[in-house]
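Report on the structure given below.
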Amino acid sequence: MSASPSTAEPSLPTGNTTVQVWLLWVAAAVALAYLLLQRPYAGDVALKTSMCVLLAIAAFRSNMKLFALALLFSAAGDAFLAYDGERLFVPGLASFLVTHVLYAVVFVLATKDTAATPMSAGRKVTFAVIPTFAVAYSALLWPNLGDLALPVMVYIAAIVVMAMLSLRVRPIEVPLGAMLFMVSDSLIALEKFLWQAAWVGPLVWITYALAQLLITRGMLTSTREPLRQGAEVHA
Numbered sequence: 002m003s004a005s006p007s008t009a010e011p012s013l014p015t016g017n018t019t020v021q022v023w024l025l026w027v028a029a030a031v032a033l034a035y036l037l038l039q040r041p042y043a044g045d046v047a048l049k050t051s052m053c054v055l056l057a058i059a060a061f062r063s064n065m066k067l068f069a070l071a072l073l074f075s076a077a078g079d080a081f082l083a084y085d086g087e088r089l090f091v092p093g094l095a096s097f098l099v100t101h102v103l104y105a106v107v108f109v110l111a112t113k114d115t116a117a118t119p120m121s122a123g124r125k126v127t128f129a130v131i132p133t134f135a136v137a138y139s140a141l142l143w144p145n146l147g148d149l150a151l152p153v154m155v156y157i158a159a160i161v162v163m164a165m166l167s168l169r170v171r172p173i174e175v176p177l178g179a180m181l182f183m184v185s186d187s188l189i190a191l192e193k194f195l196w197q198a199a200w201v202g203p204l205v206w207i208t209y210a211l212a213q214l215l216i217t218r219g220m221l222t223s224t225r226e227p228l229r230q231g232a233e234v235h236a
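Note that my numbering has the sequence shown beginning at 2, numbered continuously upward.
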């Protein structure tokens, strides 16, 4: 039996899909350029933030307004950390905290009905590993957090919830991206609170950029109305 017009899944026009693909490729090129160019230089903050801005444009063109807003908060976090990562660490942390909260809402919208994928054995194992790792890593960080203990713990809780919710999203790029986001943030914490090495900074950016690109690619493959109209549903 074919779906009725009221329940059929909407599809994007071919031209709009092509623009999204190009935006993803340009965002990936921007991320690579930021990795390879020797900093500091004029415009390095703008270059760093432009990756997520481009991804937000792609999401907005798909009518995924809530997801686009999350990406813009990521861009703000990138700007804070690129401009003065030491002095503006807390505003950067707050920006990414909002990103994770919004991502969590978006993932719930994406899996509120039959769009949720059955939990495979691998996803179930990952579902258990995420909080286990978070608790162990938090215990390791705790003696060195000082005045940042509360905001860092709140942030860790938010990214854990986001990552666990991502495991119910059907496109595999989304949970893969969420895991890479956790890896990137773990490396930031390693560098700031525990141990510094020259290779950590580049690896933070590589894992973060791949995370955002993968999550966006995965979300753009979904055309279900609850996700595409997420902002209106919760207005």
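We put the CB at the ideal spot given by N, CA and C, even for glycine.
Just so you know, these numbers come straight off a predicted model, no measurement behind them.
Nearest Cα to ARG88 within the set LEU204, LEU168, GLY202 and LEU149: LEU149. By the beta-carbon neighbour count (other beta carbons within 10 angstroms, threshold 16), PRO119 is exposed. Annotation: THR217 to LEU195 spans about 31 Å, alpha carbon to alpha carbon. The Cβ-Cβ distance between ALA69 and MET163 does not fall below 8 Å.
Counting only the Cα atoms, LEU146 lies some 15 Å from GLN197. The closest CA to that of ALA34, considering only VAL91, MET52 and VAL184, is found on MET52.
About 6 Å separates the beta carbon of ALA59 from that of LEU25, a gap short enough to meet the 8 Å contact definition. The residue from MET154, SER121 and THR112 with its alpha-carbon nearest to that of PRO132 is MET154.
With respect to the 8 Å criterion, SER185 and TYR156 are not classified as neighbours on the basis of their beta carbons. Its chain contains LEU89, PRO92, GLY93 and SER96 as the residues whose beta carbon lies nearer than 7 Å to that of PHE81, once the 5 sequence neighbours on both sides are disregarded; these appear in chain order.
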